Every structure is written in C-alpha cells, then in structure tokens.
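Colleague: Dropping the structure in here first, questions after.
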Amino acid sequence: MHDVYVSTVLNIITDLIILAILLPALWAMKVSVWKRTALIFLMGSGIFVMMAALLRVLFVLLGSTSVNLNKWCQRETTVGIIAVSAPVLWSHVRPICRRKRDHKPTSSRPANVKNVFLGAPPPYTRCGILPSVDLTGVDFKSDQANTLVVEEGGSEESRVSQPDAKRETVGNQKATTASKFNYKRDGKQYGLTDEQCSAAFPELYKEIDRAVAYRERVGKIAAEEVEVGWRGDGMVRAMIFKNQLYIIEAHGVWDHNHRPRALATMHALNRAITASSEKLPDIEFSFSTHDSALLDLRANWTTWSYSRLSNDEINQESLWLMPDFGNWGWPDVGLRSYTELQTALDTDEFEFREKIPQLVWRGSTAVGSKDVRAGLIEHTNDQKWSDVQTLDWSNKTDIDSKLLAMEDHCDYMFTAQTEGNTYSGRLKYLLNCNSVLIAHELNWVEHFHHLLKSSGPKQNYVKVKRDFSDLSKKMKGLLDPVNIAASEAIATNARRIFREQYLTPAAEACYWRALIRGWSSVQGFEVQAYEPDALHDDWQGGRRSTKRVRGTPFESYAIMEEVDWALPAKGRKICIDE
1 MHDVYVSTVL
11 NIITDLIILA
21 ILLPALWAMK
31 VSVWKRTALI
41 FLMGSGIFVM
51 MAALLRVLFV
61 LLGSTSVNLN
71 KWCQRETTVG
81 IIAVSAPVLW
91 SHVRPICRRK
101 RDHKPTSSRP
111 ANVKNVFLGA
121 PPPYTRCGIL
131 PSVDLTGVDF
141 KSDQANTLVV
151 EEGGSEESRV
161 SQPDAKRETV
171 GNQKATTASK
181 FNYKRDGKQY
191 GLTDEQCSAA
201 FPELYKEIDR
211 AVAYRERVGK
221 IAAEEVEVGW
231 RGDGMVRAMI
241 FKNQLYIIEA
251 HGVWDHNHRP
261 RALATMHALN
271 RAITASSEKL
281 PDIEFSFSTH
291 DSALLDLRAN
301 WTTWSYSRLS
311 NDEINQESLW
321 LMPDFGNWGW
331 PDVGLRSYTE
341 LQTALDTDEF
351 EFREKIPQLV
361 WRGSTAVGSK
371 DVRAGLIEHT
381 NDQKWSDVQT
391 LDWSNKTDID
401 SKLLAMEDHC
411 DYMFTAQTEG
421 NTYSGRLKYL
431 LNCNSVLIAH
441 ELNWVEHFHH
451 LLKSSGPKQN
461 YVKVKRDFSD
471 LSKKMKGLLD
481 PVNIAASEAI
491 ATNARRIFRE
501 QYLTPAAEAC
511 YWRALIRGWS
521 SVQGFEVQAY
531 EPDALHDDWQ
541 GGRRSTKRVR
551 GTPFESYAIM
561 EEVDWALPAK
571 GRKICIDE
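The sequence shown begins at 1 in UniProt numbering and counts up one residue at a time.
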C-alpha cells in the first residue's frame, strides 16, 4: 500500500509540473486575462480528470474497499468532465443567442423602387457584442451637445447608428433608397450597378458632387487641362474609351515612390471599369501620385488626387479626389492587400473589451507635419495608457523591434491618427479596426473624410486638438469604467460605417465609377480616341489607312510599363539580362 501512495504522489507532482510547463505559453497568448484564466482552468481540469482516472484504476487493480475514496474519485471526475466540456457546450449554446432585431430603414422606400439587394438577412446581435441602445438622457461632458466624446463620469449606455440611407444626385444619376446592403455578401462585389451603388453607399459621393458643382460655377473642363507637363513627375494621363482604360502618358512614375502608387491606382481603377456591366462614358483625365498634387498649394490645376488641402486659408477646389493607392495594397510597408486586411480582421480581431487598453501609434517624425507628431509624442510620454513609439525608417534594427503590422494596431482599444507630409494613408486602415480612433483636426481631406463624426449619436472617432494638448483628459474619460460602453459604441460605429460599408472594396469600385460619370458631366470636349490615320501598304500594292487608339491599353502597360515600345520588347522592370 505504501507503494501505491508513493506512486499517486509522484503522479500528482508530474501533472503539476506538466501544467507549470504550459502556463507561460498560455499566459503569453494574445487573448484577454479572462480567456487566459479560463484556458489554465480547463488545462488544470483536464489534468485533474487524468489524475482521478488514474486513482480509480489503482483502486480497482488493488481491490480497494475504501468506499469514500471511490466516491471521491467518481465525484471529482464528474466535475472535471463537466468543466472540460464547457467550451463544447458553449459552441452549441451560442448560436441560440443570435437573434434577429427589428430593423427600420432610416428613410421610407418609394413604392416604385425595387429592392436592389435581394435576400439580404436583417442584422443580428451576437452574444458578447454590444447591441444598439438608446442614448436618451445620457449626459456626456464635452464642448458639444449629444456627443460621445467622454471624459470623467458619464453613462454606460451608448447608441450605434448609421447615416441615413439617402442620396440626392451624383453625376446626374437618379438616387434610390435601400437598406439591404449586406457586408458579408456584397462587400467585395466590384460590379454593383449604379442603382445598387446609390442604395448601398448613399453618402459616399460628397467630394464628387463638390467637384462637379465647382466646375459648373467656373466652366467646363477644357482639353488642355488634362495635360501633365505642369508637374515634373508623378503624373499619369489616361483615357477611358468603350469601357477600356488606356494610358496615354506616364510622366515620371518610375522611382520607388511613384511607381507602386501609379500601378496600384491604375489596377484599382481598371478593376472598377472591367467589373462594370454598364456602359461608362468616354473621358480623358490625369491623376497625380504625389502626397500633394499641387506643388504650389494655391495653384488651381485640374487633376485627380489622393487628397486636397482644406483649411481656413486654402481650399483646393480644382482637385478631384480619388481613392488612395493603399485601397489596392501597400506591400512596401507590409500591407500586402487591402481586402486581405479586411478578411483577417473579420476572422481574428478581438472584441473591444478584450483589447489592450492603450493608445497605439507608430511613425516617423521626419515628415511635413512633424509638429503634430511631436505633440502626440510629448503628451503620451510616460503614460500607462500609451504605446506610442517613433520609427527610424533608415534603421533596420529599429524597424524590426518596433514596427507593427496594420492588423496588430487593431489589437488595441485606441488608435492614433496623425497627418504626415500631407494626409496620412493609415487612416483608412485604422478605421477598419473595431477600436476608438483618436485624431487631431485634419487639414488634408480624403474622399471619405466627410463621414467622420466627432460628436452626436453617430460619433465614430474622438477629435483632439492639433497639438494633442487635451489628449490626456480625453483618454482619462475614455478609460473610465463608467464610460466603457460609450467608448465601445464609438468603435462599433466606426467599424459599421467604414469597414462594413463605406470603405469596402465594393464602395471603392462604386466611387471610381461615380467619379468617371461626374467628370464626364462637366467635361467640355469630346474624347479624341484615335491617333491620326496612318497609311500602310496593302496586299494589292495600294495604300490604306488604319485607325489606332491613342496610348496603350492598361493590360499592356501593366506588363511593359511603357506607352510605346519597339519590338522585340521586354518589360521595363520584369526582365533581367542574362
């Protein structure tokens, strides 16, 4: 019997050692403290079940008559089995918690407008995900009424809401109303019709409407306005003819900065064109791959641009905003594909309350808006709620130790946005996170910035002063346990409005086509699609003229990265002499 006790004790010690070996790995997992504790509990329960089973076997083999020991063993084994089975049981119980919500469209639907999205299920509430609740009576301290910018005190209630599903006109196209866009099904549908685009993204096209209205005031676009010689580099002149993208002139887009931007922009535009089942108008235009399209900020050249300056002194109305190149991908900073980022977040992102309760930011201060970034660094120094670090892009060791993948930014409850040389391309990525975005007053506008709401029931980010001097006060309020529901509501609003609607690949494609239609509505010239007729010898010894479209189709440019080339040819970047 003495050997039995020794054997039992040794087995218990062995089980505890095994558990101790696994503890560091379990505790280091990127999950909440509660989940780590639960995993350790389940692991311990499993080992305990093994111990109890071993003891029972020993009792049987030794013919033990100890009723108490056998009852104890059976009781503890039952408890262990129930504990270990909890995750399996929860996986069956959780779907029961999914329930349909009453859903009322924000605007009435005309009787003569058909549902352009068929079969879309109504939204549902998942267990553990904050549902929409009423904000009536909630008192938040702020400079504006009805805001969710919380400071000390406040309420646990919050409201998640979306913009009214209403759109007037874009490029003289009639609007429809609908609330049936389904993110899971339609988010990557590049070929939505104009009617479907209007219904799915009613508030997307404000920048196009602004640019159209400006040209209606000052006069239609002249042919000479699409020339690109006014800028030394980073310009592309192109044409859309019979739903085909042609590159007419690639002006200084060969270096490490302009080349990937130009290619990404062309690919994204071409995808939107080729996915369309509807006829697009023929247009000729130019676009810039610079952070600031205009070298002279007060100039009034007409081109498509990633952003425009809009502050108290300058409002670059002549620029037409297009989606940033990062909507295709930004592999040179580690983001392989925009759609891949959204897929990863849909699959792996933590729920808001499980995230790291800190503000995250990575970036260089060697940029045009270095004063803004310096302010962020100053007001986050030595704060427990801060994970703000500067990067030196010329130092590989520094990059290897500090750089965060974009999806890793979404592991944090709070993300910081700062302008760079002009705008900052990270904003659209941060708005994909189910996190609270904190941004200073922005001077540079992108095509979706009008959808940012810093107050009210639709609030989707927190605005701070341009020097971040009020950041500490805002963070104190946001982190107050009393206000966690309000903070979560801001994050949920952002996710629903941007990742699940207005910054989807489907929305980007819709915007490109609306931009084409809007430009066409104020284009004051007919597109000259063909080069002057060229004469060639025919097989009968005579002369005949042939027509050739100007420029080169994008399909050829994507390989050759040239508008014209001699034969035999090799692509500019893809061939290596052997």
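Even glycine gets a Cβ: it sits at the ideal position worked out from N, Cα and C.
The structure presented is a predicted model; accordingly, all values stated were derived computationally and were not measured.
Taking the CB atoms as reference points, tell me whether F287 and V549 lie closer together than 8 Å.
Modeller: By one-based count along the sequence shown, residue 287 stands at place 287. By one-based count along the sequence shown, residue 549 stands at place 549. No; because the gap between Cβ atoms is not below 8 Å, this pair is not in contact.
Colleague: Apart from the five residues on each side of it in sequence, which residues of its chain come closer than 7 Å, Cβ to Cβ, to W301?
Modeller: Indexing the sequence shown from 1 puts residue 301 at position 301. Once the five neighbours on either side are set aside, the close Cβ partners of W301 are W230, L294, S318.
Colleague: Could you compute how far the alpha carbon of F468 sits from the alpha carbon of I248?
Modeller: Here residue 468 is taken as the residue at index 468 of the sequence shown, counted from 1. Here residue 248 is taken as the residue at index 248 of the sequence shown, counted from 1. Using only the alpha carbons, I get a separation of about 45 Å.
Colleague: What number of angstroms, rounded off, separates the C-alpha of residue 632 from the C-alpha of A38?
Modeller: A question about residue 632 goes unanswered here, because the residues of the chain that appear run from 1 up to 578.
Colleague: If L503 sits next to K453, beta carbons under 8 Å apart, how far is it from one beta carbon to the other, in whole angstroms?
Modeller: For the purposes of this step, residue 503 is taken as residue 503 along the sequence shown, with counting starting at 1. For the purposes of this step, residue 453 is taken as residue 453 along the sequence shown, with counting starting at 1. L503 to K453, Cβ: 15 Å. No contact.
Colleague: Could you give the DSSP three-state label for D291: helix, strand or coil?
Modeller: Position 291 of the sequence shown holds residue 291. Coil at D291, not helix or strand.
Colleague: What does the alpha-carbon distance come out to for the pair V360 and R496?
Modeller: Within the sequence shown, residue 360 is the residue found at index 360, counting from 1. Within the sequence shown, residue 496 is the residue found at index 496, counting from 1. Between V360 and R496, the C-alpha separation is close to 21 Å.
Colleague: Going by DSSP, what residue range makes up the alpha helix (DSSP H) through F554?
Modeller: For the purposes of this step, residue 554 is taken as residue 554 along the sequence shown, with counting starting at 1. It spans 554 to 560 - the alpha helix (DSSP H) in which F554 sits, taken as one unbroken run.
Colleague: I need the straight-line Cα distance from K279 to I273, nearest angstrom please.
Modeller: Here residue 279 corresponds to residue number 279 of the sequence shown, with the count starting at 1. Here residue 273 corresponds to residue number 273 of the sequence shown, with the count starting at 1. About 9 Å.
Colleague: Is DSSP giving A264 helix, strand or coil here?
Modeller: Taking the first residue of the sequence shown as position 1, residue 264 is located at position 264. If DSSP states are grouped into helix, strand and coil, A264 belongs with the helices.
Colleague: Out of D255, V563, I283, S545, point me to the one whose CA is closest to E225's CA.
Modeller: In the sequence shown, counting from the first residue as 1, residue 225 sits at position 225. Comparing Cα-Cα distances from E225 to each of D255, V563, I283, S545, the minimum goes to I283.
Colleague: Say whether the segment 318 to 331 touches the segment 476 to 496, bearing in mind that this needs 3 or more beta-carbon pairs closer than 8 Å, one atom from each stretch.
Modeller: Cβ pair count under 8 Å is below three, so no.
Colleague: Just how far apart, CA to CA, sit R271 and Q244?
Modeller: Numbered from its first residue, the sequence shown carries residue 271 at position 271. Numbered from its first residue, the sequence shown carries residue 244 at position 244. When rounded, the distance between both Cα atoms is 10 Å.
Colleague: Using a Cβ-Cβ cut-off of 6 Å (strictly less than) and excluding sequence neighbours within five positions of S292, which residues of its own chain qualify?
Modeller: Here residue 292 is taken as the residue at index 292 of the sequence shown, counted from 1. So the list reads T422, once near-sequence residues are dropped.
Colleague: So, do the segment 197 to 208 and the segment 443 to 461 have three or more beta carbon pairs nearer to each other than 8 Å?
Modeller: The answer is yes - the segment 443 to 461 touches the segment 197 to 208, with three or more Cβ pairs under 8 Å.
Colleague: Taking all protein chains shown into account, decide if T380 is buried (16 or more other Cβ within 10 angstroms of its Cβ) or exposed.
Modeller: As a first step, residue 380 must be located in the sequence shown, where it is residue number 380. So T380 counts as buried.
Colleague: Work out the CA separation of K355 and D408 for me, nearest whole Å.
Modeller: Taking the first residue of the sequence shown as position 1, residue 408 is located at position 408. Taking the first residue of the sequence shown as position 1, residue 355 is located at position 355. If I take the Cα positions, the gap works out to 11 Å.
Colleague: When the Cα of Y306 is compared with those of R426, D470, S455, which residue comes out closest?
Modeller: In the sequence shown, counting from the first residue as 1, residue 306 sits at position 306. When only C-alpha atoms are compared, the closest one is R426.
Colleague: Just list the residues that DSSP pairs K463 with in beta bridges.
Modeller: As a working mapping, residue 463 is identified with position 463 in the sequence shown. A439.
Colleague: Can you look up W361 in the DSSP assignment and give me helix, strand or coil?
Modeller: Here the question's residue 361 lines up with position 361 in the sequence shown. Of the three classes helix, strand and coil, the one that applies to W361 here is strand, per DSSP.
Colleague: Scan the segment 474 to 554 and note each continuous alpha helix (DSSP H) run of 4 residues or more that stays entirely inside, going in chain order.
Modeller: If we require 4 residues or more, the alpha helix (DSSP H) runs fully inside the segment 474 to 554 come out as 484 to 494, 505 to 521.
Colleague: Bridge partners of H447, per DSSP?
Modeller: Along the sequence shown, read from residue 1 onward, the residue named residue 447 stands at position 447. Answer is none; H447 lacks a bridge partner.
Colleague: When DSSP labels each residue in this structure, what does L430 get in the three-state scheme?
Modeller: The sequence position of residue 430 within the sequence shown is 430, counting from 1. Three-state result, L430: helix.
Colleague: Please look up how many angstroms separate the CB atoms of K463 and A489, rounded, as I've assumed it's under 8 Å.
Modeller: As a working note, residue 463 is residue 463 in the sequence shown. As a working note, residue 489 is residue 489 in the sequence shown. That belief does not hold up - the Cβ atoms of K463 and A489 are roughly 16 Å apart, past 8 Å.
Colleague: Beta carbon of V436, beta carbon of S386: below 8 Å?
Modeller: Reading the sequence shown from its first residue, position 436 is the one you call residue 436. Reading the sequence shown from its first residue, position 386 is the one you call residue 386. Result no, Cβ atoms of V436 and S386 do not sit closer than 8 Å.
Colleague: Under the rule that 16 or more other beta-carbon atoms within 10 Å means buried, what is K180, buried or exposed?
Modeller: Position 180 of the sequence shown, counting from 1, holds the residue named residue 180. With 16 or more Cβ atoms within 10 Å of its Cβ, K180 is classed as buried.
Colleague: Are the CB atoms of S310 and N443 nearer to each other than 8 Å?
Modeller: By 1-based counting over the sequence shown, the position of residue 310 is 310. By 1-based counting over the sequence shown, the position of residue 443 is 443. In this structure, N443 lies closer than 8 Å to S310 by Cβ.
Colleague: Between the Cα of T390 and those of V372, S364, D371, spot the shortest distance and give me the residue it belongs to.
Modeller: Mapped onto the sequence shown, residue 390 falls at position 390. If we check each option's Cα against that of T390, S364 comes out closest.
Colleague: Are there 16 or more other CB atoms within 10 angstroms of the CB of S198, so buried, or fewer, so exposed?
Modeller: Counting from one through the sequence shown, the residue named residue 198 turns up at place 198. The residue in question, S198, is buried, as its Cβ has 16 or more Cβ neighbours within 10 Å.
Colleague: List the DSSP bridge partners of N315.
Modeller: The residue labelled residue 315 in the question sits at position 315 within the sequence shown. In the DSSP output, where bridge partners are listed per residue, N315 has S310.
Colleague: Report back the beta-carbon spacing between T418 and R373 to the nearest angstrom; my notes put them in contact at under 8 Å.
Modeller: Counting from 1 along the sequence shown, the entry for residue 418 is found at position 418. Counting from 1 along the sequence shown, the entry for residue 373 is found at position 373. 5 Å between Cβ atoms; contact.
Colleague: Output yes or no for whether 8 Å exceeds the beta carbon distance between K220 and V527.
Modeller: As a position in the sequence shown, residue 220 is number 220, starting the count at 1. As a position in the sequence shown, residue 527 is number 527, starting the count at 1. No; because the gap between Cβ atoms is not below 8 Å, this pair is not in contact.
Colleague: Near E446, what residues of its chain come up, given a Cβ to Cβ distance below 8 Å and the 5 sequence neighbours on each side ignored?
Modeller: Along the sequence shown, read from residue 1 onward, the residue named residue 446 stands at position 446. Hits under 8 Å: Y306, S307, L321, D324, Y423, L427, K428.
Colleague: Do you know how far the Cα of S276 is from the Cα of R215?
Modeller: By 1-based counting over the sequence shown, the position of residue 215 is 215. By 1-based counting over the sequence shown, the position of residue 276 is 276. Straight-line Cα distance between these residues: approximately 26 Å.
Colleague: Just checking my contact of residue 581 with E349 at CB under 8 Å: how many whole Å lie between their CB atoms?
Modeller: The shown model of the chain, from 1 to 578, leaves out residue 581, and the question about it has no answer.
Colleague: Which runs of the beta strand (DSSP E) fall wholly inside the segment 364 to 394 and span at least 3 residues, in chain order?
Modeller: Runs found: 386 to 390.
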